[in-house]
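Peer 1: Numbering (full-length UniProt numbering), first residue to last: 1 to 306.
Note that CB positions come from ideal geometry on N, CA and C, so glycine has one too.
Because the structure is a prediction, the values reported are computed rather than measured.
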């Protein structure tokens, strides 16, 4: 159990550690000859910088909070064990040292450090940092979400309708009534086709993308789940659905979205479970429900065709 004072201290400690790790990531971007290994599947890469960042974070946290546990990507890979984030037990840090490692290896500046703290199964702290883009997203439960110290909010459906309507009014000189968010017409959707490398999701993933693009403003794939979630929190995109990831890919971003006014749910429509990060994240409840409806329609159609 953590009281408010310990949460505050934990946030301050980890924020400074993340800032230290930013320099490690930037060093990696400047290094052409990074050592790259394949952890399992051919797309699952790791570099020495992933390990260095994780080592700094874990050592720094342990120095202040020796009783805390860790659910961290490289630690889990090395030991074959994954700490369960349950409703009771020691506070647990959920860490992805570099989310978007393929981007990092190729010098694409859409990668981030993602750190979350769960206490008794509830997310309390979420930090996502994109060093190359000078983007620092932070959230403490009940205190809102921030980007570089400025409070952020998701784009709710009325804001989306207003922005699209104003654009068309200027362009066409007439007032046009746009569709509401349930129809996705105004929404920019994050959709990672690359997860289709995993065969069990491939057919459904591509079909969902086809259904989304028929309705939505556009699709975007950033190659980093955590950064995509941060972009929902800051109103840059409006929804994102993903499967077959790990808790550390989602946890920090999930808290950011909820603190910014958005929603995160299971991809089946239930409550978001930290340890089962198959999710739909959206700027509003209505938009999340429309994404869920499309996913269900696709899954039902594919099942019926077999």
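So does the segment 258-270 actually touch the segment 216-225, counting three or more Cβ pairs closer than 8 angstroms?
Peer 2: Touching, no.
Peer 1: What residues in its chain sit with their C-beta under 7 angstroms from that of residue 98, if we drop five residues either side in the sequence?
Peer 2: Within the same chain, residue 98 has close Cβ partners 25, 49, 50, 53, 104, 111, 113.
Peer 1: So what's residue 122 in DSSP terms, helix, strand or just coil?
Peer 2: Here residue 122 sits in strand by DSSP.
Peer 1: Once DSSP output is grouped into helix, strand and coil, what is the label at residue 172?
Peer 2: Because residue 172 carries a pLDDT of 42, less than 50, the predicted location of this residue cannot be relied on, and no value is offered for it.
Peer 1: In the DSSP assignment, find the unbroken beta strand (DSSP E) run with residue 132 in it and report its ends.
Peer 2: Per DSSP, residue 132 belongs to no beta strand (DSSP E) and is neither H nor E.
Peer 1: Per the contact definition of three or more C-beta pairs closer than 8 angstroms, is the segment 247-257 in contact with the segment 113-124?
Peer 2: Segments in contact, yes.
Peer 1: Give the DSSP-derived three-state secondary structure of residue 111 in the structure shown.
Peer 2: The answer is coil: DSSP assigns residue 111 none of H, G, I, E or B.
Peer 1: Count the C-beta pairs between the segment 209-222 and the segment 52-68 that are closer than 8 angstroms, then say yes if the count reaches three, no if not.
Peer 2: Flag = no, the segment 209-222 and the segment 52-68 do not touch.
Peer 1: Output the distance between the C-alpha atoms of residue 36 and residue 28, rounded to the nearest integer angstrom.
Peer 2: Their Cα atoms are separated by approximately 11 angstroms.
Peer 1: Does the beta-carbon of residue 131 have 16 or more other beta-carbons within 10 angstroms, so that it is buried, or is it exposed?
Peer 2: Label assigned to residue 131: buried.
Peer 1: When you compare only the Cα positions, how much space is there between residue 293 and residue 278?
Peer 2: Between residue 293 and residue 278, the C-alpha separation is close to 15 angstroms.
Peer 1: Can you tell which of 92, 213, 205 has its C-alpha closest to the C-alpha of residue 275?
Peer 2: The residue with the shortest Cα to Cα distance from residue 275 is 92.
Peer 1: Given 6 angstroms as the limit, tell me if residue 7 has its C-beta closer than that to any heavy atom belonging to the ligand FAD.
Peer 2: In terms of ligand content, the structure shown is empty, and the ligand FAD therefore cannot be addressed.
Peer 1: Distance check for residue 196 and residue 46, CA to CA, integer angstroms please.
Peer 2: Roughly 20 angstroms separates the two Cα atoms.
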